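Let me begin by presenting the structure, written as structure tokens, before commenting on it.
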Amino acid sequence: MLELVIISALNGVLYGLLLFLMASGLTVVFSMLGVLNFAHAGFYMLGAFFGFQISKWFGFWWALLLAPIIVGLIGAAVERFALRDIHRSGHVAELLFTFGLAYVIEEVVQIIWGKDPVDYRGPPSLDFPAFSIFSTNYPSYKVFMFAVSVAVFVALLVVIKRSRIGLVVQASLTHPQMVAHLGHNVGLVFTLVFGVGIGLAALAGVIAGPILQTQSNMAASLIALLFVIIVVGGLGSLAGAFVASLLIGLIQTFAVSLDGSLASLFGPLSPDAPQFLIRNIWTVTIAQVAPIIPYALLILVLILRPMGLFGTRET
Amino acid sequence: MTELLSSAPISRVVPWPRLRFYAVWAMVAVVLAAFPSVFTSASSLTTFSLVGTAIIFALSYNILLGQTGLLSFGHAVYYGIGAFFAVHSMNLIPQYGLPVPLPFVPLIGGVAGLLLAILTGWISTRRAGTVFSMISLGIAELAVALALILTDFFGGEDGISTNRTKLPAWFGWHFGPQVQVYYLVAFWVFISALAMYALTRTPLGKICNAVRDNPERVQFVGYDPHVVRYLAFCFAGLFAGIAGALAAISFESANFTDLGWVKSGAVIFSTYIGGTSIFVGPIVGAIFFVYLSLSLSDYTSVWQLYFGLLFILVVRYAPGGIGGTLLMHRMPLRVGRLGGILKTYAIAAIPTLMLVAGFVLAVETIVHHTVNANEDPRIKAFGVSFDASSLVTWMIAVVLMLIGYFVGRLTWQGVTRAWDDARTIASERGIPS
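Same order as they appear, the protein sequences are chains A and B. With positions in the first sequence counted from 1, the corresponding number in our numbering is that position plus 504. With positions in the second sequence counted from 1, the corresponding number in our numbering is that position plus 28.
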């Protein structure tokens with residue numbers, strides 16, 4: 505039991521960190537530009553596939569370096585040449601545009617790499633067990649993922665809190681007009697932030713690809729989860745996104761390893777109870793309902809605390 | 029310009045005198061009644077059932093998107109729940125010998141959609157805009173996940189099937205032959221479209237427009253935007269449920285994909301491409317979408333890609349959709365500049381088509397090399413044969429795209445100039461654009 509708890513906690517925190525790599529870009533872009541980027545998970549998927557392709561050609565370490573940069577540049581180009589003009593048509597048009605973009609990215613990935621999962625592996629130099637807990641070997645690749653995520657998190661924190669560009673970004677979050685009047689190029693800051701946010705998502709894709717499956721449907725289910733994270737954490741709050749990412753990561757990981765059900769709690773339904781249509785509720789296990797827990801959490805948060813865990817404004 | 033139009037209230041766009049109103053709806057009824065005598069084949073009647081349900085579904089979606097300004101990513105949930113309730117009631121009615129004939133089953137689906145919307149709507153319509161969209165997506169994911177868990181009700185991956193002919197006969201009709209199903213669908217399409225049109229004319233419909241355009245002022249007038257959005261949401265759920273039930277009747281089955289992602293995406297595409305600013309927009313969009321999805325797949329294997337790109341282009345360059353773009357041309361027509369504008373279109377069309385042809389050629393060639401790499405390189409797309417492995421093909425594609433792009437830019441400047449002219453004249457004469 506203890507073994508299960510420790511391994512699940514490690515995996516959960518790791519998954520949460522990956523989620524945060526994506527959610528951080530999404531939530532910052534949302535509070536700065538007011539754009540909810542539906543294609544964010546699509547760029548994560550592009551990162552994974554670019555990582556796969558580059559690591560096939562040049563090796564994993566090049567992929568780790570190049571894929572986020574390339575995808576980030578694509579993201580910056582999308583902001584500069586499309587989103588900026590669509591901004592004038594209002595939020596609905598922007599959201600629809602990124603929705604269409606997510607759809608096109610999925611189609612393009614399917615055309616180039618097919619619908620089946622690709623054989624994306626981590627570097628052979630990390631292919632050994634780092635340490636073992638009880639009887640389980642913990643792969644060193646996962647330790648490496650930990651290190652990358654934490655490093656990015658710390659770097660992000662330092663840049664935002666300590667550097668000049670971080671100050672401008674923080675100011676543009678709340679007072680873009682004032683920042684522009686002070687002589688800063690807010691448009692450039694927006695493009696930069698968008699590109700970096702996309703690059704972080706792509707980085708998550710590159711390092712998560714070998715562990716999770718690299719497949720053309722990996723984005724579609726993820727984007728809703730990211731929305732849950734930024735709503736639960738509070739819109740525009742990086743700290744909230746961090747906590748919510750870890751929370752969702754842990755919940756998801758623990759739920760799939762638990763096996764209880766209403767039937768195991770109260771005993772099976774008596775044979776003369778109504779057997780019609782809804783008896784499943786009695787027998788589904790916690791592992792089976794794992795996918796719905798985040799959305800149930802979303803609805804609970806919206807009812808009980810609409811501004812999210814760390815948000816200042818009501819959603 | 030387009031922005032103004034897309035936010036213009038429905039009523040100003042279509043100033044129907046009474047008589048024309050009755051004439052149009054009577055004409056629609058006659059066309060619907062006469063359709064099977066013109067298109068007698070069962071396949072065209074099946075296609076109509078498909079189109080008809082898509083029309084109701086798109087119109088119901090436009091209550092949210094066009095009228096109230098709510099962009100929902102999970103509208104198929106209400107469609108799907110309507111379909112499942114219809115299928116289950118079609119199974120239960122003969123089993124318990126209830127005296128409910130088939131034409132009333134869509135009502136059951138509609139009520140199911142309505143009840144679900146009543147349940148989920150209150151939380152999700154608290155806020156409009158982006159937050160609403162996110163919550164609708166969350167609810168959609170929740171519904172799909174639940175559908176795969178509650179296998180007794182939703183039938184798991186296989187879905188639930190039924191037999192529509194087992195229900196009590198309705199004036200001798202058992203709805204076995206396709207033509208009888210056609211009339212059932214046509215009847216419900218007519219009733220639903222009429223009801224939804226009427227809804228846009230009621231005070232509720234007007235206040236929905238107001239909530240879309242300026243919720244703060246609506247609050248000052250004394251209405252609660254939340255309640256207005258909630259009511260619109262419930263109506264949308266009702267008609268989506270009817271559409272789902274009709275689909276279940278024509279396919280005699282329901283599947284968890286009915287409430288899933290693909291279905292929600294399809295209704296967003298068809299409604300927006302058709303145009304959200306006028307009532308017939310979603311109808312045009314639904315016909316267009318069903319037609320393209322049925323016919324494009326014969327021409328190319330990657331039609332979804334083209335469809336996605338088309339959608340992006342519409343969002344980027346023609347936010348009014350097909351309907352809104354057509355309506356936009358009433359202004360130049362009134363100032364007598366439509367001919368000039370159409371001429372610039374015709375000129376701009378040539379390089380634009382070259383650009384498109386070059387792009388399609390490039391895409392099809394790439395598709396050949398990635399998807400069917402081991403097959404014969406002489407491929408055929410859109411009825412044109414070419415050799416995908418030859419350098420000439422690549423050259424042609426690149427040249428077409430380059431010429432199309434640079435010449436196209438020049439010709440589109442001509443279009444802009446013609447529009448500016450027309451706009452200047454219109455503002456001189458005081459004609460609203």
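From the three backbone atoms N, C-alpha and C, an ideal C-beta is built for every residue, glycine too. Since the model is a prediction, treat every value here as computed from it, not as a measurement.
* Asked: Nearest CA to the CA of Leu-195 (chain B): which residue from B:Met-359, B:Leu-126, B:Arg-437, B:Val-342?
  -> Counted from its first residue, the second sequence places residue 195 (chain B) at position 167. Nearest C-alpha to Leu-195 (chain B): B:Leu-126.
Hey, is Val-443 (chain B)'s beta-carbon within less than 9 Å of any beta-carbon in chain A? One-based indexing of the second sequence puts residue 443 (chain B) at position 415. No, Val-443 (chain B) lies away from the interface with chain A (no Cβ there is under 9 Å from its Cβ).
Using a Cβ cut-off of 9 Å (strictly closer), state whether Phe-562 (chain A) contacts chain B. Here residue 562 (chain A) corresponds to residue number 58 of the first sequence, with the count starting at 1. It does not: the Cβ of Phe-562 (chain A) has no partner Cβ on chain B nearer than 9 Å.
*Where does Thr-819 (chain A) land, buried or exposed, given buried means 16+ other C-beta within 10 angstroms?*
The count along the first sequence starts at 1 and reaches residue 819 (chain A) at position 315. Caution applies to Thr-819 (chain A), whose pLDDT of 45 falls short of 50 and renders its modelled position unreliable; the model cannot decide the point.
* Specify, as a first and last residue, the run of the beta strand (DSSP E) that Ser-329 (chain B) falls within. => The residue given as residue 329 (chain B) occupies position 301 in the second sequence. Unbroken run through Ser-329 (chain B): none, as it is neither H nor E.
Q) Any chance the CB of Leu-143 (chain B) is under 8 Å from a heavy atom of the ligand GTP? A) The ligand GTP is absent from the structure shown, which contains no ligands of any kind.
Item checked: Beta-carbon contacts of Ala-745 (chain A) that lie in its chain and below 7 Å, excluding the five residues immediately before and after -> Walking along the first sequence from the start, residue 745 (chain A) turns up at place 241. Within the same chain, Ala-745 (chain A) has close Cβ partners Phe-524, Ala-527, Ser-528, Thr-531, Ile-733, Ile-734, Gly-737.
Chain A partners of Leu-324 (chain B), CB-CB under 7 Å? On the second sequence, residue 324 (chain B) is found 296 positions in, with the first residue counted as 1. Under the 7 Å cutoff, chain A gives no residues; its nearest Cβ is about 13 Å from Leu-324 (chain B).
- Message: According to DSSP, is Glu-31 (chain B) part of a helix, a strand, or is it coil?
- Response: As a position in the second sequence, residue 31 (chain B) is number 3, starting the count at 1. Here the model assigns Glu-31 (chain B) a pLDDT of 44, short of 50, so the residue's position is not dependable and the matter cannot be decided.
Going by DSSP, what residues sit across from Trp-201 (chain B) in a beta bridge? Translated into the one-based positions of the second sequence, residue 201 (chain B) becomes position 173. Answer is B:Trp-198.
Notebook entry, point to check: What residues of chain A sit near Tyr-300 (chain B), judged by a beta carbon separation below 7 Å?
Noted result: Along the second sequence, one-based indexing puts residue 300 (chain B) at 272. Per Cβ cutoff of 7 Å: Leu-600.
Note to self: With distance defined between alpha-carbon atoms, name the residue in B:Phe-335, B:Gly-149, B:Val-427, B:Ser-278 nearest to Gln-208 (chain B).
What the structure shows: Taking the first residue of the second sequence as position 1, residue 208 (chain B) is located at position 180. The shortest C-alpha to C-alpha distance from Gln-208 (chain B) to any of B:Phe-335, B:Gly-149, B:Val-427, B:Ser-278 is the one to B:Ser-278.
What residue from B:Asp-286, B:Phe-284, B:Leu-320, B:Ala-454 has the CA that sits closest to Gly-364 (chain B)'s CA? By one-based count along the second sequence, residue 364 (chain B) stands at place 336. Of B:Asp-286, B:Phe-284, B:Leu-320, B:Ala-454, the residue nearest in Cα terms is B:Ala-454.
Next item on the list: Determine which residues share a DSSP beta bridge with Ile-637 (chain A) and list them.
Entry: Taking the first residue of the first sequence as position 1, residue 637 (chain A) is located at position 133. DSSP lists A:Thr-640 as partners of Ile-637 (chain A).
Report task. Using a Cβ cut-off of 9 Å (strictly closer), state whether Glu-169 (chain B) contacts chain A. Result -> Taking the second sequence and counting its residues from 1, one reaches residue 169 (chain B) at position 141. Yes, Glu-169 (chain B) counts as interfacial toward chain A.
* Determine the DSSP secondary structure at Gly-265 (chain B), reduced to helix, strand or coil. => Working through the second sequence from its first residue, we reach residue 265 (chain B) at position 237. Three-state result, Gly-265 (chain B): helix.
> Do the CB positions of Ala-168 (chain B) and Gly-309 (chain B) come within less than 9 Å of each other?
Replying inline: To locate residue 168 (chain B), count along the second sequence from 1; it is residue 140. To locate residue 309 (chain B), count along the second sequence from 1; it is residue 281. No; because the gap between Cβ atoms is not below 9 Å, this pair is not in contact.
| query | Is the stretch 215 to 231 of chain B in contact with the stretch 112 to 119 of chain B, if contact means three or more CB pairs nearer than 8 Å? | reply | The stretch 215 to 231 of chain B makes no contact with the stretch 112 to 119 of chain B: fewer than 3 CB pairs, one atom from each, lie closer than 8 Å.
Closest Cα partner of Leu-514 (chain A) within the set A:Ile-669, A:Gly-618, A:Phe-758: Within the first sequence, the letter at position 10 stands for residue 514 (chain A). Residue A:Phe-758 is the option with its Cα nearest to Leu-514 (chain A).
- Message: Taking 6 Å as the limit between beta carbons, can you name the residues of its chain near Thr-602 (chain A), skipping five residues before and five after?
- Response: For this step, residue 602 (chain A) is matched to residue 98 along the first sequence. Answer for Thr-602 (chain A): Asn-541, Phe-542, Ala-543, listed in chain order.
Original post:
Short check: CB of His-550 (chain A) to CB of Gly-709 (chain A), under 9 Å?
Top reply: Residue 550 (chain A) sits at position 46 when you count from the first residue of the first sequence. Residue 709 (chain A) sits at position 205 when you count from the first residue of the first sequence. Correcting the residue identity first, residue 550 (chain A) is Leu in this sequence and not His. In contact: Leu-550 (chain A) and Gly-709 (chain A) (Cβ atoms closer than 9 Å).
Worksheet item: Is the shortest distance between the beta-carbon of Gln-332 (chain B) and the beta-carbons of chain A less than 9 Å?
Response: As a first step, residue 332 (chain B) is located in the second sequence; it is residue number 304 there, counting from the start. Yes, its Cβ sits closer than 9 Å to a Cβ of chain A.
Q. Which chain A residues sit within Cβ distance under 8 Å of Ser-161 (chain B)?
A. In the second sequence, residue 161 (chain B) corresponds to position 133, counting from 1. Going along chain A in sequence order, the residues near Ser-161 (chain B) (Cβ under 8 Å) are Leu-540, Leu-599.
Using beta carbons (cut-off 9 Å, strictly below), is Leu-739 (chain A) in contact with chain E?
Among the protein chains of the structure shown, namely A and B, there is no chain E.
When the Cα atoms are used, what is the spatial distance from Asp-241 (chain B) to Phe-160 (chain B)? What you label residue 241 (chain B) is simply residue 213 of the second sequence in a count that begins at 1. What you label residue 160 (chain B) is simply residue 132 of the second sequence in a count that begins at 1. Taking the straight line from one Cα to the other gives about 16 Å.
**Report entry** Limits of the alpha helix (DSSP H) - the one that Asn-119 (chain B) falls within
**Finding:** Position 91 of the second sequence, counted from the start, is the residue given in the question as residue 119 (chain B). Element bounds for Asn-119 (chain B): 104 to 124.
Notebook entry, point to check: Pro-795 (chain A) versus chain B: which residues are under 7 Å apart at the beta carbon?
Noted result: What you label residue 795 (chain A) is simply residue 291 of the first sequence in a count that begins at 1. Ordered by position in chain B, the residues that pass the 7 Å Cβ test against Pro-795 (chain A) are Ala-173.
Inset, instruction - Kindly indicate if chain A contains any beta-carbon less than 9 Å away from that of Ser-88 (chain B). - result: Start at 1 with the first residue of the second sequence, and residue 88 (chain B) comes out as number 60. At a cut-off of 9 Å between beta-carbon atoms, Ser-88 (chain B) makes no contact with chain A.
Practice task
Could you list the residues in the stretch 610 to 633 of chain A with a C-beta less than 9 Å from some C-beta on chain B, going in chain order?
Solution key: Glu-610, Glu-611, Val-612, Gln-614, Ile-615, Ile-616, Trp-617, Gly-618
**Request:** Give the DSSP-derived three-state secondary structure of Thr-230 (chain B) in the structure shown.
**Result:** For this step, residue 230 (chain B) is matched to residue 202 along the second sequence. Reduced to three states, the DSSP call for Thr-230 (chain B) is coil.
Legend entry - One or two residues paired with Ala-82 (chain B) in a DSSP bridge: Position 54 of the second sequence, counting from 1, holds the residue named residue 82 (chain B). Paired residue(s): none; Ala-82 (chain B) is not in a bridge.
Query raised in the report: Exposed or buried, what is Trp-617 (chain A) when buried is set at 16 or more other beta-carbons lying within 10 Å of its beta-carbon?
Result: Looking up residue 617 (chain A) in the first sequence gives position 113. So Trp-617 (chain A) counts as buried.
Can you name the residues that DSSP bridges to Ala-282 (chain B)? Reading the second sequence from its first residue, position 254 is the one you call residue 282 (chain B). Answer is B:Ile-188, bridged to Ala-282 (chain B).
- Message: So the candidates are B:Thr-74, B:Thr-439, B:Arg-358; which of them puts its Cα closest to the Cα of Tyr-211 (chain B)?
- Response: For the purposes of this step, residue 211 (chain B) is identified with residue 183 of the second sequence, where counting begins at 1. Checking every option, the nearest Cα to that of Tyr-211 (chain B) belongs to B:Thr-74.
Checklist line | Gly-520 (chain A) versus Thr-452 (chain B): straight-line alpha-carbon distance, rounded | finding: Indexing the first sequence from 1 puts residue 520 (chain A) at position 16. Indexing the second sequence from 1 puts residue 452 (chain B) at position 424. Near 57 Å, if we compare the C-alpha coordinates of Thr-452 (chain B) and Gly-520 (chain A).
Can you list, in chain order, the residues of its chain with a C-beta nearer than 7 Å to that of Pro-572 (chain A)? Leave out the 5 residues immediately preceding and following it. Taking the first residue of the first sequence as position 1, residue 572 (chain A) is located at position 68. Taken in chain order, the residues that qualify are Gly-551, Gly-703, Ala-706, Leu-707, Val-710.
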